[in-house]
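To start, the structure under review is shown below, and the notes come after it.
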Amino acid sequence: MFRWERSIPLRGSAAALCNNLSVLQLPARNLTHFGVVHGPSAQLLSTAPEGVPLAQRQLHAKEGAGVSPPLITQVHWCVLPFRVLLVLTSHRGIQMYESDGSTMVYWHALDSGDATPVQAVFARGIAASGHFICVGTWSGRVLVFDIPAKGPNIVLSEELAGHQTPITDIATEPAQGQDCVADMVTADDSGLLCVWRSGPEFTLLTRIPGFGVPCPSVQLWQGICAAGYGNGQVHLYEATTGNLHVQINAHARAISALDLAPEAAPSLGHLGWLLSAAEDTFVHIWKLSRSPESSYIEVEHCHGECVSDTQVCGARFCDSSGSSFAVTGYDLAEIRRFSSV
Amino acid sequence: MSVRTLPLLFLNLGGEMLYILDQRLRAQNIPGDKARRVLNDIISTMFNRKFMEELFKPQELYSKKALRTIYERLAHASIMKLNQASMDKLYDLMTMAFKYQVLLCPRPKDVLLVTFNHLDTIKGFIRDSPTILQQVDETFRQLIEIYGGLSAGEFQLIRQTLLIFFQDLHIRMFNNKGEEVKRIEFKHGGNYVRAPKEGSFELYGDRVLKLGTNMYSANRPVETHMSGSSKNVASWAQESIAPNPLAKEELNFLARLMGGMEIKQPSGPEPGFRLNLFTSDEEEEQAALTRPEELSYEVINIQATQDQQRSEELARIMGEFEITEQPSLSTSKGDDLLAMMDEL
Numbered sequence: 001m002f003r004w005e006r007s008i009p010l011r012g013s014a015a016a017l018c019n020n021l022s023v024l025q026l027p028a029r030n031l032t033h034f035g036v037v038h039g040p041s042a043q044l045l046s047t048a049p050e051g052v053p054l055a056q057r058q059l060h061a062k063e064g065a066g067v068s069p070p071l072i073t074q075v076h077w078c079v080l081p082f083r084v085l086l087v088l089t090s091h092r093g094i095q096m097y098e099s100d101g102s103t104m105v106y107w108h109a110l111d112s113g114d115a116t117p118v119q120a121v122f123a124r125g126i127a128a129s130g131h132f133i134c135v136g137t138w139s140g141r142v143l144v145f146d147i148p149a150k151g152p153n154i155v156l157s158e159e160l161a162g163h164q165t166p167i168t169d170i171a172t173e174p175a176q177g178q179d180c181v182a183d184m185v186t187a188d189d190s191g192l193l194c195v196w197r198s199g200p201e202f203t204l205l206t207r208i209p210g211f212g213v214p215c216p217s218v219q220l221w222q223g224i225c226a227a228g229y230g231n232g233q234v235h236l237y238e239a240t241t242g243n244l245h246v247q248i249n250a251h252a253r254a255i256s257a258l259d260l261a262p263e264a265a266p267s268l269g270h271l272g273w274l275l276s277a278a279e280d281t282f283v284h285i286w287k288l289s290r291s292p293e294s295s296y297i298e299v300e301h302c303h304g305e306c307v308s309d310t311q312v313c314g315a316r317f318c319d320s321s322g323s324s325f326a327v328t329g330y331d332l333a334e335i336r337r338f339s340s341v
Numbered sequence: 001m002s003v004r005t006l007p008l009l010f011l012n013l014g015g016e017m018l019y020i021l022d023q024r025l026r027a028q029n030i031p032g033d034k035a036r037r038v039l040n041d042i043i044s045t046m047f048n049r050k051f052m053e054e055l056f057k058p059q060e061l062y063s064k065k066a067l068r069t070i071y072e073r074l075a076h077a078s079i080m081k082l083n084q085a086s087m088d089k090l091y092d093l094m095t096m097a098f099k100y101q102v103l104l105c106p107r108p109k110d111v112l113l114v115t116f117n118h119l120d121t122i123k124g125f126i127r128d129s130p131t132i133l134q135q136v137d138e139t140f141r142q143l144i145e146i147y148g149g150l151s152a153g154e155f156q157l158i159r160q161t162l163l164i165f166f167q168d169l170h171i172r173m174f175n176n177k178g179e180e181v182k183r184i185e186f187k188h189g190g191n192y193v194r195a196p197k198e199g200s201f202e203l204y205g206d207r208v209l210k211l212g213t214n215m216y217s218a219n220r221p222v223e224t225h226m227s228g229s230s231k232n233v234a235s236w237a238q239e240s241i242a243p244n245p246l247a248k249e250e251l252n253f254l255a256r257l258m259g260g261m262e263i264k265q266p267s268g269p270e271p272g273f274r275l276n277l278f279t280s281d282e283e284e285e286q287a288a289l290t291r292p293e294e295l296s297y298e299v300i301n302i303q304a305t306q307d308q309q310r311s312e313e314l315a316r317i318m319g320e321f322e323i324t325e326q327p328s329l330s331t332s333k334g335d336d337l338l339a340m341m342d343e344l
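This is the structure in structure tokens:
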């Protein structure tokens with residue numbers, strides 16, 4: 001169903017983090033951008049169709065007080081209504097750049113004030129919601145930044161309290177517009193999920209408790225929240241109520257990334273494809289649909305790819321129709337691409 | 001990343017070092033009493049109370065080169081000597097073994113079981129020395145106290161911190177038939193084996209996990225030799241050649257940590273001996289020749305570890321220096337610094 005295509009070489013290998021691959025598609029210019037964290041630096045690549053590498057750039061975490069070079073935790077493109085920003089989170093703070101990484105437009109230093117000496121201080125978890133960018137932190141607080149249509153006048157507008165342990169990932173509904181539904185979910189190291197409604201002020205709608213394992217990766221679309229856990233399971237919840245619909249024993253080790261292709265193989269009741277990747281070297285693609293009679297969510301396994309001898313740390317569809325996906329692995333100095341046949 | 005990683009890193013690498021030294025001492029037919037003395041001296045230095053106190057303080061990880069300096073000092077804590085080539089090989093073997101163990105852990109918390117496996121075997125090496133045994137048990141209890149209650153999320157962060165430390169280290173090892181013995185291998189599609197039950201996190205117990213047990217022990221002789229090409233020289237060396245803006249911080253770290261190391265001077269007429277990590281002297285000489293220039297440095301004995309007051313002086317004096325590049329011992333700048341220390 002998918003076959004391994006030409007890989008894109010990286011200057012530095014991927015770090016053993018979760019969600020360690022971000023993809024930005026620019027169909028108008030026939031370009032795809034990839035972002036991977038190496039450690040103290042992040043690598044941005046742009047490629048033409050068929051994965052032909054064109055340009056690349058390295059970004060570093062801004063130095064601050066401390067005894068060793070700060071490590072980057074995540075790099076992610078945020079698509080807002082009028083602009084695209086690249087956000088980089090590290091152990092010092094949050095850096096925001098123009099989408100090609102050429103200019104830094106905003107820097108927010110983390111406040112480590114009430115951290116005990118044994119707590120690691122860092123930012124992690126990045127998502128765009130309308131004209132806001134939300135970023136998670138080590139304390140569980142989620143910072144909400146108000147982004148103007150252009151220029152560097154970015155303002156921290158709110159700090160959301162809901163979590164007590166470090167944030168792992170944040171997801172938002174791809175199609176904004178309905179304003180009485182849940183449109184953001186945040187996840188943390190204890191496995192707790194918080195579901196929010198965005199707005200000038202964000203409102204906490206519901207909490208979905210964890211069960212003793214971290215939730216490193218989360219996705220949200222069409223009112224469904226998909227959560228990948230440290231025990232290899234993927235759960236699908238109804239976002240507004242928190243009801244568990246489906247539990248998939250998807251992987252033998254901790255999940256490291258989830259992604260969506262909402263427009264894959266459209267048909268009646270079809271919700272698209274969900275991609276799950278884990279430290280067990282596997283990437284699985286699941287077909288999700290809603291049964292018209294019962295409106296229960298149904299899952300079917302479409303494809304499994306074994307990336308041999310590789311602890312997968314990032315995986316993304318390269319387009320919303322799911323015609324190809326890309327994978328990064330710990331110590332692997334390339335991005336592996338797979339295209340449908 | 002996690003500020004609780006250093007004790008686990010240090011103890012597991014130390015455990016691997018002892019396994020390798022034990023195997024080499026047997027392979028080189030070093031008399032039993034001398035071999036036991038070497039292991040006792042090293043273990044006793046490793047688990048020294050003051051040293052452990054420094055180690056367990058919450059702190060970030062330092063560079064591979066800084067850590068190698070500590071192990072070099074440890075390996076020379078007794079009557080045994082190692083040439084640079086053998087020390088390089090020892091460090092490569094230690095780091096690759098532990099990296100492999102971290103990668104293969106089924107659950108992030110299993111890295112604690114790996115640590116306990118190492119400590120269990122270390123206790124076996126010194127079972128006839130009650131004072132050292134007590135030191136090791138004390139460290140064991142501290143580990144249980146600090147790590148026993150950490151959440152899965154915290155262990156995942158520790159695991160990621162360890163993997164970032166080991167990123168890009170690839171040293172393949174072969175047995176004497178040229179077949180690959182060590183390779184990171186994961187289970188392939190379709191057939192899954194049920195997860196084993198969780199091991200014991202108590203002071204004594206069945207760890208279940210085999211990672212961290214002695215793979216060099218007598219009933220499984222594994223001759224390892226390094227693949228000969230020069231590009232397999234540890235990449236930690238490459239990283240250390242670039243000027244390090246944090247060199248001053250690293251010197252402070254080393255001074256603090258080594259200040260806590262109490263090295264017993266070999267007493268009496270007992271002659272020292274040299275341990276060879278290779279199968280013959282000629283091989284060791286050959287390896288020394290292919291060692292890159294940048295790694296060679298003169299060994300200058302600084303008596304910084306014996307006198308508590310002097311080591312504090314040393315740390316204070318080093319704190320007053322602005323070191324803007326990796327101190328290279330062949331330039332006059334390095335000589336001045338060391339000359340001043342010699343005058344203490």
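These protein sequence lines are chains A and B, in that order. The letter at position 176 of the first sequence is residue 176 when you use this note's numbering, and the numbering goes up by one with no holes. The letter at position 86 of the second sequence is residue 86 when you use this note's numbering, and the numbering goes up by one with no holes. We put the CB at the ideal spot given by N, CA and C, even for glycine. Predicted model only: the values in this text are computed from it and were never measured.
Which residues in chain B have a C-beta closer than 7 angstroms to the C-beta of residue i? List them in chain order.
{"i": "L17 (chain A)", "result": "Q160"}
{"i": "L71 (chain A)", "result": "M1 and I164"}
{"i": "V213 (chain A)", "result": "A152"}
{"i": "S190 (chain A)", "result": "S151 and G153"}
{"i": "G39 (chain A)", "result": "I164 and Q167"}
{"i": "G230 (chain A)", "result": "A152 and Q156"}
What first and last residue would you give for the beta strand (DSSP E) that runs through residue i?
{"i": "N249 (chain A)", "result": "L244 to N249"}
{"i": "I94 (chain A)", "result": "G93 to E98"}
{"i": "L143 (chain A)", "result": "V142 to D146"}
{"i": "H108 (chain A)", "result": "M104 to A109"}
{"i": "H118 (chain B)", "result": "First-last for H118 (chain B): D110 to F125, but that is the alpha helix (DSSP H), not the beta strand (DSSP E)."}
{"i": "K150 (chain A)", "result": "Counting along the chain, K150 (chain A) falls outside any beta strand (DSSP E), and DSSP gives it neither H nor E."}
{"i": "K81 (chain B)", "result": "M80 to L82"}
{"i": "L326 (chain A)", "result": "Contrary to the premise, residue 326 (chain A) reads as Ala rather than Leu in this sequence. Counting along the chain, the beta strand (DSSP E) containing A326 (chain A) begins and ends at S324 to G329."}
{"i": "E5 (chain A)", "result": "Taken as a continuous stretch (DSSP letters only), E5 (chain A) belongs to no beta strand (DSSP E), as it is neither H nor E."}
{"i": "I30 (chain B)", "result": "Segment: none, I30 (chain B) is in no beta strand (DSSP E) and carries neither H nor E."}
Quick test of your reading: residue i and residue j, contact by CB under 8 angstroms. State the CB separation rounded to the nearest angstrom.
{"i": "L193 (chain A)", "j": "V185 (chain A)", "result": "6 angstroms"}
{"i": "A16 (chain A)", "j": "I164 (chain B)", "result": "6 angstroms"}
{"i": "G314 (chain A)", "j": "V87 (chain A)", "result": "With 8 angstroms as the limit, G314 (chain A) and V87 (chain A) do not qualify as a contact, their Cβ atoms being about 16 angstroms apart."}
{"i": "V102 (chain B)", "j": "L162 (chain B)", "result": "5 angstroms"}
{"i": "I170 (chain A)", "j": "G136 (chain A)", "result": "6 angstroms"}
{"i": "Q167 (chain B)", "j": "G39 (chain A)", "result": "6 angstroms"}
{"i": "T165 (chain A)", "j": "G153 (chain B)", "result": "6 angstroms"}
When DSSP builds the beta bridges, which residues end up paired with residue i?
{"i": "S129 (chain A)", "result": "A:F132"}
{"i": "L103 (chain B)", "result": "In the DSSP output, where bridge partners are listed per residue, L103 (chain B) has none listed."}
{"i": "D280 (chain A)", "result": "Looking at the DSSP assignment, D280 (chain A) forms no beta bridge with any residue, so it has no partner."}
{"i": "W196 (chain A)", "result": "A:M184 and A:L204"}
{"i": "C343 (chain A)", "result": "This structure leaves residue 343 (chain A) out entirely; chain A is present only between 1 and 341."}
{"i": "P53 (chain A)", "result": "A:T47"}
{"i": "A171 (chain A)", "result": "A:V185"}
{"i": "T32 (chain A)", "result": "A:Q25 and A:T47"}
{"i": "T89 (chain A)", "result": "A:Q74 and A:I94"}
{"i": "H38 (chain A)", "result": "Partner(s): none; H38 (chain A) has no beta bridge."}
Chain A partners of residue i, CB-CB under 8 angstroms?
{"i": "V3 (chain B)", "result": "P117, V118, Q119 and A120"}
{"i": "Q142 (chain B)", "result": "What Q142 (chain B) touches in chain A: nothing, since even the nearest Cβ is about 14 angstroms away."}
Could you list which residues in chain A have their beta carbon closer than 7 angstroms to that of residue i, in chain order?
{"i": "D168 (chain B)", "result": "S13 and D331"}
{"i": "L103 (chain B)", "result": "Q311"}
Name the chain B residues that come within less than 8 angstroms of residue i, Cβ to Cβ?
{"i": "T172 (chain A)", "result": "Chain B residues near T172 (chain A): none, gap ~23 angstroms exceeds 8 angstroms."}
{"i": "R3 (chain A)", "result": "By Cβ distance, chain B contributes nothing, its closest Cβ being about 16 angstroms from R3 (chain A), past 8 angstroms."}
{"i": "P166 (chain A)", "result": "G153 and L157"}
What are the boundary residues of the alpha helix (DSSP H) that includes residue i?
{"i": "I132 (chain B)", "result": "P130 to Y147"}
{"i": "Y71 (chain B)", "result": "K64 to A75"}
Applying a beta-carbon distance threshold of less than 9 angstroms, which residues of chain B neighbour residue i?
{"i": "Q43 (chain A)", "result": "Correct list: empty, because the minimum Cβ distance to chain B is about 14 angstroms."}
Mind listing the chain A neighbours of residue i? Cutoff is C-beta to C-beta under 9 angstroms, in chain order.
{"i": "P106 (chain B)", "result": "A252 and R253"}
At least three beta-carbon pairs within less than 8 angstroms, the region 288–304 of chain A to the region 220–239 of chain A: yes
Cβ contact (3+ pairs, closer than 8 angstroms) linking the region 47–60 of chain A and the region 116–124 of chain A: no
At least 3 beta-carbon pairs within less than 8 angstroms: the region 66–84 of chain B vs the region 26–43 of chain B: yes
Sufficient close CB pairs (3 or more, under 8 angstroms) joining the region 50–63 of chain B to the region 19–26 of chain B: no
Given 8 angstroms, three or more beta-carbon pairs between the region 312–330 of chain A and the region 247–261 of chain A: yes
Meets three-Cβ-pair contact criterion under 8 angstroms: the region 73–85 of chain A and the region 199–208 of chain B: no
Cβ pair count under 8 angstroms reaching 3, the region 11–21 of chain B against the region 294–301 of chain A: no
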